[in-house]
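In this text, residue positions in the sequence shown follow the working numbering: the first is 115, and each later residue adds one. Backbone N, C-alpha and C define an ideal beta-carbon position, used for all residues, glycine too. I have placed the structure first, in the form of structure tokens, so that the comments after it can refer back to it.
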Amino acid sequence: MAATTLAADASSATAAPARYRPMAYGDDTPRVTEGPTAGVRYLVSRTPLQPYARSMGERLAHWARTAPDRTLFAQRLRQVDGTLGDWQHLIYADALQAARHVGQALLDRGLSAERPVAILSENSLDHAVLALACLYVGVPYCAVSPAYSTVSTDFGKLRHVLDTLTPGLVFAGDTARYGAAVRAVVPADCEVVVAGDAALLERPAGRVTAFQSLRGTVPTPAVDAAAAAVGPDDIVKFLFTSGSTKLPKAVVNTHRMWCANQQQMLQAMPVLGEDGLVLVDWLPWNHTFGGNHNFGIALYNGGTLYIDDGKPTAALMPETLRNLREIAPTVYFNVPTGFEAIAEAMKTDAVLRRNLLSRVRLFFYAAAALAQPVWDALHRSAEHEVGERIVMGAGLGMTESGPFALYVNRPQVGSGDVGVAAAGLELKLVPQGGKTELRYRGPNITPGYWRNPEATAESFDEEGFFCTGDAVAWADPDDAARGLRFDGRIAEDFKLSTGTFVSVGPMRARIIAAGAPHVQDVVVTGLNRREVGALVFPTPAVRALAGLPPGAPWAEVLASAPVRARFQQLLDALAATATGSATRIACLLLLDVPPSIDRGEITDKGSINQRAVLQHRAALVDALHDGQAPGALRPSSTPL
Numbered sequence: 115m116a117a118t119t120l121a122a123d124a125s126s127a128t129a130a131p132a133r134y135r136p137m138a139y140g141d142d143t144p145r146v147t148e149g150p151t152a153g154v155r156y157l158v159s160r161t162p163l164q165p166y167a168r169s170m171g172e173r174l175a176h177w178a179r180t181a182p183d184r185t186l187f188a189q190r191l192r193q194v195d196g197t198l199g200d201w202q203h204l205i206y207a208d209a210l211q212a213a214r215h216v217g218q219a220l221l222d223r224g225l226s227a228e229r230p231v232a233i234l235s236e237n238s239l240d241h242a243v244l245a246l247a248c249l250y251v252g253v254p255y256c257a258v259s260p261a262y263s264t265v266s267t268d269f270g271k272l273r274h275v276l277d278t279l280t281p282g283l284v285f286a287g288d289t290a291r292y293g294a295a296v297r298a299v300v301p302a303d304c305e306v307v308v309a310g311d312a313a314l315l316e317r318p319a320g321r322v323t324a325f326q327s328l329r330g331t332v333p334t335p336a337v338d339a340a341a342a343a344v345g346p347d348d349i350v351k352f353l354f355t356s357g358s359t360k361l362p363k364a365v366v367n368t369h370r371m372w373c374a375n376q377q378q379m380l381q382a383m384p385v386l387g388e389d390g391l392v393l394v395d396w397l398p399w400n401h402t403f404g405g406n407h408n409f410g411i412a413l414y415n416g417g418t419l420y421i422d423d424g425k426p427t428a429a430l431m432p433e434t435l436r437n438l439r440e441i442a443p444t445v446y447f448n449v450p451t452g453f454e455a456i457a458e459a460m461k462t463d464a465v466l467r468r469n470l471l472s473r474v475r476l477f478f479y480a481a482a483a484l485a486q487p488v489w490d491a492l493h494r495s496a497e498h499e500v501g502e503r504i505v506m507g508a509g510l511g512m513t514e515s516g517p518f519a520l521y522v523n524r525p526q527v528g529s530g531d532v533g534v535a536a537a538g539l540e541l542k543l544v545p546q547g548g549k550t551e552l553r554y555r556g557p558n559i560t561p562g563y564w565r566n567p568e569a570t571a572e573s574f575d576e577e578g579f580f581c582t583g584d585a586v587a588w589a590d591p592d593d594a595a596r597g598l599r600f601d602g603r604i605a606e607d608f609k610l611s612t613g614t615f616v617s618v619g620p621m622r623a624r625i626i627a628a629g630a631p632h633v634q635d636v637v638v639t640g641l642n643r644r645e646v647g648a649l650v651f652p653t654p655a656v657r658a659l660a661g662l663p664p665g666a667p668w669a670e671v672l673a674s675a676p677v678r679a680r681f682q683q684l685l686d687a688l689a690a691t692a693t694g695s696a697t698r699i700a701c702l703l704l705l706d707v708p709p710s711i712d713r714g715e716i717t718d719k720g721s722i723n724q725r726a727v728l729q730h731r732a733a734l735v736d737a738l739h740d741g742q743a744p745g746a747l748r749p750s751s752t753p754l
């Protein structure tokens with residue numbers, strides 16, 4: 115079949131109002147009250163939070179009884195040559211049985227919050243079974259960022275994680291990928307369990323066990339007794355923060371927190387509770403978006419999650435596209451770079467358009483801003499293929515909120531909109547240095563950080579609200595029902611030497627959106643300087659601009675005339691729309707050295723740590739603002 119190419123709709127400005135595929139929303143119009151201190155406001159949904167499960171293990175048992183033959187997780191089998199073949203399915207009945215077998219093995223080892231399970235693994239069926247066993251019998255676990263073991267060279271963050279947790283058992287999903295990290299960091303008195311042959315992991319000291327032996331453990335009545343004893347305030351897992359400013363902190367997640375958050379999502383997006391829920395998802399389970407939000411959606415609502423071994427990178431995106439050509443999700447979650455790649459592929463891939471859009475009711479993005487051109491391309495593909503747009507969901511949350519906290523409760527959503535509070539969650543808006551900080555209180559909020567009472571105390575105000583550090587503003591000051599917009603991170607903002615405040619979050623989003631698809635991320639500079647600058651990490655897409663051979667060094671690509679012309683045009687366009695010194699990028703430098711995870715410049719989820727980049731590249735920042743940085747660009751026009 116010949117590919118169909120979609121062109122931009124030049125008449126969109128005068129077209130009839132857009133039609134969206136029907137999707138119900140929860141009725142969460144906020145109630146706004148004034149606080150005792152000037153400027154402080156409280157927001158809460160008028161819709162009460164409905165009863166939720168006692169534990170996530172209770173949900174596993176429920177669906178194993180009511181839909182035993184339904185698939186919970188599926189993953190493509192890896193062939194001997196390393197390629198991915200047919201799907202292997204784990205149905206609910208088998209998932210519960212596996213959880214009971216492995217759960218008995220965990221109980222036999224006397225594991226607890228003081229000696230939890232640490233999981234070093236990408237998303238996999240074995241990873242899923244171990245997590246289900248832990249949450250069923252009440253043994254806390256922690257999925258650790260694979261990057262701490264496979265990308266890092268000094269294993270510093272992995273060592274910090276294990277020192278914080280003091281695990282009694284470490285699971286390694288692949289001996290080849292995780293062997294070096296295990297040998298370097300895991301204490302000799304901690305048992306290591308591996309997927310596959312235990313003999314393949316050479317470990318001079320310490321016990322090594324095959325995961326299959328845990329699955330072969332015969333359950334006793336102690337398993338179901340342990341499951342019955344799990345309460346809502348028991349710890350289900352630890353999730354580490356990304357470590358944007360300091361070393362990662364272990365966020366305590368209780369069963370109440372996770373179950374309440376899933377009920378909040380279900381009330382906000384009733385589509386999640388409809389029969390036949392299907393997700394196709396790559397998002398890592400060590401991160402709250404993948405491990406709580408999406409893993410939890412499938413388990414809580416009796417859905418099916420196809421584990422996508424792809425990822426929004428040049429090397430792995432083809433696997434994601436292959437999966438989406440075959441498996442039609444009913445809801446689909448991704449980060450902006452993933453949606454950007456999908457939007458581009460759908461312009462020419464009719465099979466992808468037909469399958470992906472056949473029954474999806476909701477797209478949902480998080481982790482960064484989604485550029486308007488990507489948004490527009492998704493809408494054009496949907497209108498071409500099915501005659502209507504797919505609702506794009508958006509919101510705001512964090513590891514400490516489960517993560518779901520705010521969501522946009524209407525199909526007309528714009529970049530930066532974060533919406534209204536989830537049912538049962540109280541918001542507190544507090545003036546802070548010219549901005550408004552957002553704070554949370556509710557059943558989905560963490561009780562604190564594991565073994566870090568100082569950080570816990572610092573994170574809650576005198577009324578028990580969690581201080582997020584996120585800044586928000588009203589989408590429409592005259593209409594609270596429109597909700598809130600994201601206004602950056604308070605800690606990232608700074609002043610120029612003139613005393614003018616620079617709002618970093620909105621500026622970064624503006625540069626990334628205007629520079630799509632050639633800007634991966636931006637670090638805004640200018641603290642105590644006269645002008646604002648930008649350090650830009652370009653995407654691999656700039657190679658297509660350069661016109662150089664595929665293997666050309668990255669520095670040569672960025673120095674090529676076509677690439678420099680593209681970023682000069684971007685800089686000039688940004689300058690033309692600037693309203694003053696705080697919104698005008700006066701100097702820009704393309705970085706040919708990628709951010710380093712070992713130096714903390716990039717978090718495990720791939721986001722830029724502004725502070726770390728500024729700290730480790732201070733000399734480069736000085737050179738940029740002093741006019742001494744080779745290759746730096748400045749706007750063609752002078753400021754007004």
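- [ ] From the DSSP output, read off the bridge partner residues of N406.
- [x] DSSP, once it has assigned bridges, lists no residue as partnering N406.
Open item on the list: Just to confirm the assignment, what range does the alpha helix (DSSP H) spanning K271 have?
Closed with: K271 -> alpha helix (DSSP H) spans G270 to L279.
Task: For A687 and S695, the rounded distance between their alpha carbons - done: Near 15 Å, if we compare the C-alpha coordinates of A687 and S695.
- [ ] Verify whether the separation of the beta carbon atoms of T444 and L492 is less than 7 Å.
- [x] Result no, Cβ atoms of T444 and L492 do not sit closer than 7 Å.
- [ ] Pick helix, strand or coil for V534, following the three-state DSSP scheme.
- [x] Reduced to three states, the DSSP call for V534 is strand.
Task: Of the residues K351, A519 and V449, the one placed nearest A227, counting alpha carbons only - done: Comparing Cα-Cα distances from A227 to each of K351, A519 and V449, the minimum goes to K351.
Task: P114, DSSP secondary structure in three states - done: No information on residue 114 is available, as it lies outside the stretch 115 to 754 that the chain covers here.
Task: Spatially closest choice to T143 from V253, A595 and R731, by CA coordinates - done: T143 has its Cα closest to that of A595, out of V253, A595 and R731.
Task: Nearest-angstrom beta carbon gap, V253 and A213 [assumed within contact, 8 Å] - done: Between the beta-carbon of A213 and that of V253 there is about 11 Å, and that puts the pair past the 8 Å contact cut.
Open item on the list: When you compare the stretch 216-227 with the stretch 662-680, are there three or more beta-carbon pairs, one atom per stretch, that lie closer than 8 Å?
Closed with: Touching, no.
Task: Top-ranked residue by Cα proximity to T653, from F681, A342, R223 and G405 - done: Residue F681 is the option with its Cα nearest to T653.
- [ ] Count the other C-beta atoms from every protein chain shown that fall within 10 angstroms of the C-beta of T267, then say buried if there are 16 or more, exposed otherwise.
- [x] The residue in question, T267, is exposed, as its Cβ has fewer than 16 Cβ neighbours within 10 Å.
Task: Coil, strand or helix - T118 by DSSP - done: Annotation note: pLDDT 31 at T118 (below 50); position unreliable, coordinate value reported separately. If DSSP states are grouped into helix, strand and coil, T118 belongs with coil.
TODO: Kindly indicate which residue of A737, Q729, V671 and P708 has the alpha-carbon position closest to the one of L702.
DONE: Its Cα nearest to that of L702, the residue A737 stands out among A737, Q729, V671 and P708.
- [ ] Check each candidate in V616, S751 and A733 and name the one with the smallest Cα separation from R644.
- [x] Closest by alpha carbon: V616.
- [ ] Figure out for me which residue from P663, L610, P667 and G619 has the closest Cα to the Cα of N642.
- [x] For the set P663, L610, P667 and G619, the Cα lying nearest the Cα of N642 is the one of L610.
- [ ] List the DSSP bridge partners of P144.
- [x] P144 is bridged by DSSP to S159.
Task: Continuous beta strand (DSSP E) assignments of at least 3 residues falling wholly in the stretch 569-611 - done: Here the runs fully enclosed are 580-588 and 598-603.
- [ ] Measure the Cβ-Cβ separation of V500 and L471 and say whether it is below 7 Å.
- [x] Yes.
Task: Nearest candidate by alpha-carbon position, reference G282, set C248, D706, R160 and W399 - done: Cα-wise, what sits closest to G282 is C248.
Open item on the list: Once the 5 residues before and after L328 are set aside, which same chain residues still bring their CB inside 6 Å of it?
Closed with: These residues qualify, in order along the chain: V216 and A219.
Task: Nearest neighbour of G405, chosen from Q189, V727, F579 and Y255 [CA to CA] - done: Checked all of Q189, V727, F579 and Y255; the closest Cα to G405 is Y255.
- [ ] Answer yes or no: do N558 and W399 have a C-beta to C-beta separation smaller than 7 Å?
- [x] In this structure, N558 keeps its C-beta atom at 7 Å or more from the C-beta atom of W399.
Task: 7 Å Cβ shell around V322 - same chain, five flanking residues per side excluded - done: Answer for V322: V306, V308, A312 and L315, listed in chain order.
- [ ] Going by CA-CA distance only, name the one from Y166, R468 and P631 that's closest to E497.
- [x] The candidate whose alpha carbon is nearest that of E497 is R468.
- [ ] With DSSP collapsed to three states, give me the class of N437.
- [x] Correct three-state label for N437: helix.
Open item on the list: Is it buried or exposed, Q376, if we count other Cβ atoms within 10 angstroms and call 16 or more buried?
Closed with: Label assigned to Q376: buried.
Task: Three-way DSSP call (helix, strand, coil) for E645 in this model - done: Reduced to three states, the DSSP call for E645 is coil.
Task: DSSP three-state assignment for Y262, whether helix, strand or coil - done: Residue state for Y262 is assigned as helix, using DSSP reduced to three classes.
Open item on the list: With the cut-off set at 7 Å, would you say G452 and P432 are in Cβ contact?
Closed with: Using a Cβ distance threshold of 7 Å, G452 and P432 do not count as a contacting pair.
Task: Secondary structure of H203, DSSP reduced to three states - done: Three-state DSSP puts H203 in a strand.
Task: Distance, S495 Cα to V465 Cα - done: Each residue's alpha carbon lies about 12 Å from the other.
- [ ] Count the other C-beta atoms from every protein chain shown that fall within 10 angstroms of the C-beta of Q526, then say buried if there are 16 or more, exposed otherwise.
- [x] Under this definition Q526 is an exposed residue.
TODO: Pull up the DSSP beta-bridge partners for K549, would you.
DONE: Partner(s): Q546.
Task: Neighbourhood of L204 by C-beta, 8 Å cutoff - its chain only, sequence neighbours within 5 removed - done: The beta carbon of L204 lies closer than 8 Å to those of T185, L186, F187, A188, A212, L239, A242 and V243 in the same chain, with the five residues before and after it left out.
Task: Alpha carbon of R603 to alpha carbon of A485, nearest angstrom - done: Approximately 19 Å between the Cα atoms of the pair.
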